[in-house]
Amino acid sequence: MHLLARLSLKNRALIALVTIVASVFGFIGVGSLKQELMPSVQFPAIIVVTSYPGASPEVVNNDVSVPIETALRGVAGLEQTTATSSTGASMVLAEFTYGIDLPSTEQKVERAISRISALLPDAADPQVMSGSLDDFPIVQISVLSPDGVDPEQTANLVERIAIPEISDLDGVREAQLVGARGNRVTITPNADVLSDEYVTQQSIVDALQQSGVLMAAGSITEDGQTLAVQAGSSLESVEEIQALPLVRDPNLLRVRAEVAAAEAAAEAAAQQEAAAAFGGAGGFGAAAQQAPEVTVELAELPVITIGEVADVVLEQNPEQGISRVNGQPALTIAVTKLSSANTVEVSHVVRDALAEIEDSLDGATLEVVFDQAPYVERSIETLTVEGLLGLLFAVIVILVFLLSVRATLVTAISIPVSVLFTFVGLNFAGYSLNMLTLGALTISIGRVVDDSIVVIENIKRHLGEAGPDANAATTIVEAVREVGGAITASTITSVAVFLPMAFVSGMVGELFRPFAFTATIALLASLLVALTIVPVLAYWFLRGSTSSARAQARQRRAVERRALAAERKALAAERKALAAERKALAAEGKALAAEGPVEAANTTAEEAPSATEPVSHDADRATALQRGYLPIVKWTLTHPAITLLIAVLVFGGTIAATPLMKTNFMGSDEQNSVGLTQSLDPGTSLDEQLAQVERVEDALEAVAAVEVVQVTIGSSGGGMTAIFGGGGDGVVTYSLTTDENAVQSEVQDEIRAVVESLDDAGEFSLAQSDGGVTMSSSIEVAVSAPDQETLAEASDAVVAALREQSGLKQIESDLATSRPYLAIVVNRAAASEAGLTEASVAAMVSQRMQPRQIGQIVLENTSVSIYLSQGVAPADQAAVAAMPIQTIDGEVRLDSLATVEIADGPVTIRTQDTQRIATVSALPEGDDLGVAGIAVNAALESAELPPGATANIGGVISQQSEAFEQLGLALLVAILIVYVVMVATFKSLLQPLLLLVSVPFAATGALLLLIATGIPLGVASLIGVLMLIGVVVTNAIVLVDLINQQRERGTPLRDAVVSGSSLRLRPIVMTALATILALTPMGIGITGSGGFISQPLAVVVIGGLLSSTVLTLIVLPTLYYAVERRRETSRDKRAAKREARLVVAAGAGASADFSVPAKIADSGVPGGSAAFTEPDGSADLTRQPDGTVELTEPDGSATERD
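Following this line, the structure appears as structure tokens:
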């Protein structure tokens, strides 16, 4: 990698120009990046919401949910369907495999539902929606009507003026009015007039379906112009509906004629009988015989219209829900953005347009009650400030250690340049600037500077040691060459840990892939900067900094001292090697001496070749930090067992402390929006719910931090609002906007205390909310069984077991709650005697109880439904029982054909893949999800379930377990990838294993700091651990690489470990402190927002760096020395045995020439340099002083062997 530095120094002007251009592109890229809260994520899920007014959960499940679930089975990629059937509504959630084409799958789902549309009830209206974060509103606007003005009048005005104008704004996908009742056309026939005019209710339905139709009829060409032919016209007013002609029913006409004829015949017969009674048939008989025949021709009857047989009125829909803002009835405009749009820009555009729109609403006022943009801007500002503070702290650390403003500036420049390069990469990849990408960038600031610190520190040291005549460029290239391989390997290692994120599925993978990409680009940019830009800047700013006479004199003395120290160490090494040889050859040397004379020529030890001069640390030039460190590392090398034992004990203690650590899933983002749910008794009327809501609103006035209170009672809209709004069964939802400067956790505690103090107000639950979408912390247990009775028994057993555990609250089963309903059970025998069936009786009751939708009409650009009504529906149970039912014998009361009584039924029915399940839910008492999970698992193990029943954990614990499992696997894969990279770097299988020991010890610091700060271990923390693997190995790579370089130059093992550790002390401490201080503002949360992801990440990396730095500087050298010394000892023993075998193999008659030091020769033991020549002269074996054996063949070629 030093070639990049050499190339850069040769093209300094070009490097400067490229850097400036790239930085300009980076500045431009910052402005063009979208700003949003979270990445735009599409989840592989499709929701089918179906409205079925008036239907009970049982009817909805059988007639809507199960048919839709069955129809979706054939859609490719389907993993599971879950249906929830409640009063008047069905919601089917279809989950697919990740990676599917969601728009294409959505079309397939729509086609599957259209194929079964004939099987669904006429009133059922399925709507298909895909799951995406872009479907949730970014802005919500309340609309308050002026005093004395009907809210529906304001709603009509908003629909005509405000909604179209907002929808046309740049970046807006849809503006939807929530809370308006809307209008419908109701047709109420007059039964007597229908009969008199020979028409039926079906005649009205046929007239509507066969009128108002536009049909393409081809085209014609006239005068050289092609004209499309269109036949028909659309209905555009209630008057046009009233004027639609009806077609009389000929069958009814014939029946009426037959009835009239029968009546005339009966009358004639009666007259004849009367005449006979008076004794004559004269006049009466003639009259009877002349009775006229009743005949009526259709053509003779005048045209009759719908308006003549029925009342046609435009009226409001029945009230099914109530929407309020700050205690006043209000409407809400929910604004969603295009997926490609900028959240902040769309918000500003909408806000800027409100004043002009408000002027056209006849006194109605518009007020923004929810807006993502301020939180997004505040989060971005927060992370930016924390990043800048981190940059400042990192620069201070560099300045303190290098004591050079120039070197500090060179290093500091690498941070903004790397960040700007990252912005260019984000633009090309199409990512936005959100909490995850910006968090990754801020987290990476500390690591980004590491490569530059190592390079600039080594350059500065080499320039300081170089002579006055040394070439600066050559010196810089040599300095980069020394560390280039190490920083490249460490950066590749840091980047490689993010590769497993590509295989993490689910929401975690979708959310954190942009995080991994951003961090990867930042790290690669920092490596490029360190190898190209930093050497050029060092050449310009640092090359003349060591030219003083004092520095030159100091350098000369240092060179002399190093040469003397090298000579002493070479002699010591030689004596040590010869002493080992003496022991190994003693026995075999005596045997050879007995066999024959040996001619020996003694030489002195000084004639032995000297080792290559090693790189030695000069104690006279050691810094105060090094002087304090050297005794420690020397002691640990002398006592490796004690050092390693202490390290193991610390690691074991950390593992023992893990039960004290909290866990969660995603954490809270401290957004100033809180979701509050109030659960009242099922079946509670809207009026009673409104009374309870007013109590809650009054209580919330006592919480000063609550600024806006939005309330949804019942169902106030469709689409996404139908899913996340009130449930209509006594469930009221509140969306509270709080003071952004307040501590949100304290505000939530205050809200919880206030609402729970209310008597007889139901149950409350709070959760973090994002635009009205509550981030639930509910724990769910899905219970399944072969039949309903077993299901109820199993559900009760699970509830009982959970209630015995601590750490859980609000434990309830959806089977335990029920709501009353009026059950009409038809007596099939009685119905048959009356000429009816069970289905026909049910249909008559249904038509009488609720209007039937028979069509649509567009009025003033708004689609309005047309309903056919039977008049005023019965208001109570007695009226329903007395409902007239038409039979072949005339009208009878309903209760003569069926029983009418009040019964209890489930509030909701849930099915999974068409099989019924029960859901037992609970909430954790605290913020430790791990404790709650342990309690739930213990409860399920102790629960006595009936045969055939099963219980599985779902909800947030299931999500946490899945995420932890996948991230745990990603950690293992990351470690394997790091190992492979280090094997390629060190060309050794053993040394990378030594470096990987730093990973568990880094986890030690991370876990201890999480416990100390009380921050739970969640998804964000595990991403931090993943990032930490690459960070902590970096310093270890740089250290071991230098030690290996020194050993290759001939430095003895212990001296190489001490010298290498001392030389790498300063850059390791610098990089660690720079990273730690760069992350400290984020870890502390100085600015107080936007830290639900960045703060756990920062705490994990800080704690891991603290422990791993100690490991790298103390434990790793000790472990390296212990392992490598054992390898050297084993290698020496093997070499000694081979030498002994060579001596014996030489045999009698071999000539030998030994050169040994005098004190060894005195013992009579041959050693030193020995040459053995075979009797046939085939080869010479020469033993060298370094322990190797040189084999010389007769042709003169030589090979060296261990």
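Note that the working numbering has the sequence shown beginning at 86, numbered continuously upward.
C-beta: ideal position from N, C-alpha, C; glycine also.
Bear in mind the structure is a predicted one, so any value in this text is a computation, not a measurement.
Item	Value
Using 8 angstroms as the threshold, is the region 520-540 in touch with the region 126-142, meaning 3 or more CB pairs across them?	no
By the three-class DSSP mapping on this structure, what secondary structure does LEU94 have?	helix
Taking C-alpha atoms, which residue in PRO969, ASN749, VAL1066, GLY524 lies nearest to MET123?	GLY524
Under 8 angstroms: do the region 1049-1065 and the region 1080-1092 share three or more Cβ pairs, one atom per stretch?	yes
Taking the alpha-carbon of TYR183 as reference, which of ILE391, GLY591, GLU195, ALA551 has the nearest alpha-carbon?	GLY591
Are at least three pairs of beta-carbons, each pair with one atom in the region 228-240 and one in the region 456-469, less than 8 angstroms apart?	no
Would you kindly check if the distance between the Cβ of ARG1139 and the Cβ of LEU722 is under 8 angstroms?	yes
Cα-Cα, which of LEU1113, VAL1117, GLY1109, ILE1153 is closest to LEU1127?	ILE1153
Can you list, in chain order, the stretches of the alpha helix (DSSP H) that have 4 or more residues and sit fully within the region 516-590?	520-550, 557-581
Please confirm whether any heavy atom of the ligand FAD lies closer than 7 angstroms to the CB of ILE731.	For the ligand FAD, the structure offers nothing, since it holds no ligand at all.
Can you name, in chain order, every residue of its own chain whose Cβ lies under 7 angstroms from the Cβ of THR697, other than the five neighbours on each side?	With a pLDDT of only 38 at THR697, under 50, the local geometry of the prediction cannot be trusted, and no value is derived from it.
Are MET29 and LEU1074 touching if we call contact CB-CB under 8 angstroms?	Given that the chain is displayed from residue 86 to residue 1287, the structure contains no residue 29 and the question cannot be resolved.
Suppose only complete runs of 3+ residues qualify. What are the beta strand (DSSP E) ranges in the region 376-427, listed by chain order?	395-401, 406-410, 416-422
So, with DSSP's three-state summary, where would you put VAL781?	helix
Taking only runs that begin and end inside the region 815-873, name each unbroken alpha helix (DSSP H) of 4 or more residues, in chain order.	829-841
How is the beta strand (DSSP E) around ASN1037 delimited, first residue to last?	1035-1039
Is the region 716-735 close to the region 1021-1039, with three or more CB pairs under 8 angstroms?	no
Within its chain, find whatever has a CB closer than 7 angstroms to the CB of GLU143; leave out the 5 residues flanking it on each side and keep chain order.	GLY990, ILE994
Considering only C-alpha positions, which residue in the set ALA355, ASP998, ASP980, SER764 is nearest to LEU163?	ASP998
With respect to the alpha helix (DSSP H) encompassing GLU191, which residues constitute its N-terminal and C-terminal limits?	187-200
Please classify HIS547 as buried or exposed, where buried requires at least 16 neighbouring CB atoms within 10 angstroms.	buried
On the premise that VAL394 lies in contact with VAL278, defined as a C-beta separation below 8 angstroms, what is that separation, rounded to the nearest angstrom?	5 angstroms
Where does VAL485 land, buried or exposed, given buried means 16+ other C-beta within 10 angstroms?	exposed
Pull the bridge partners of ILE272 from the DSSP assignment, please.	VAL397, LEU953
Relative to the C-alpha of LEU900, which residue among GLY1189, LEU1054, THR875, GLN941 is closest?	THR875
Using the DSSP secondary-structure output, state which residues sit across from SER1006 in a beta bridge.	GLU865, GLU897
Put THR1165 into one of helix, strand or coil per three-state DSSP.	helix
Is the region 446-460 in contact with the region 418-437, if contact means three or more CB pairs nearer than 8 angstroms?	yes
What span of residues does the alpha helix (DSSP H) with THR739 cover, start to end?	725-742
Assuming VAL793 is part of the beta strand (DSSP E), what are its boundary residues?	791-799
What do you get for PHE513, buried or exposed, if any count of 16 or more other CB atoms within 10 angstroms of its CB means buried?	exposed
Taking 8 angstroms as the limit between beta carbons, can you name the residues of its chain near GLU443, skipping five residues before and five after?	ALA449, THR450, LEU451
Nearest by alpha-carbon distance to THR1156: which of THR823, ALA359, PHE478, THR822 is it?	PHE478
In whole angstroms, what separates the C-alpha of VAL778 from that of ARG436?	30 angstroms
Under three-state DSSP, which class holds ASP989?	strand
Do you know offhand how far GLY812's Cα is from VAL194's?	For GLY812, the predicted model reports a pLDDT of 45, less than 50, meaning its position is unreliable and no value from the coordinates is stated.
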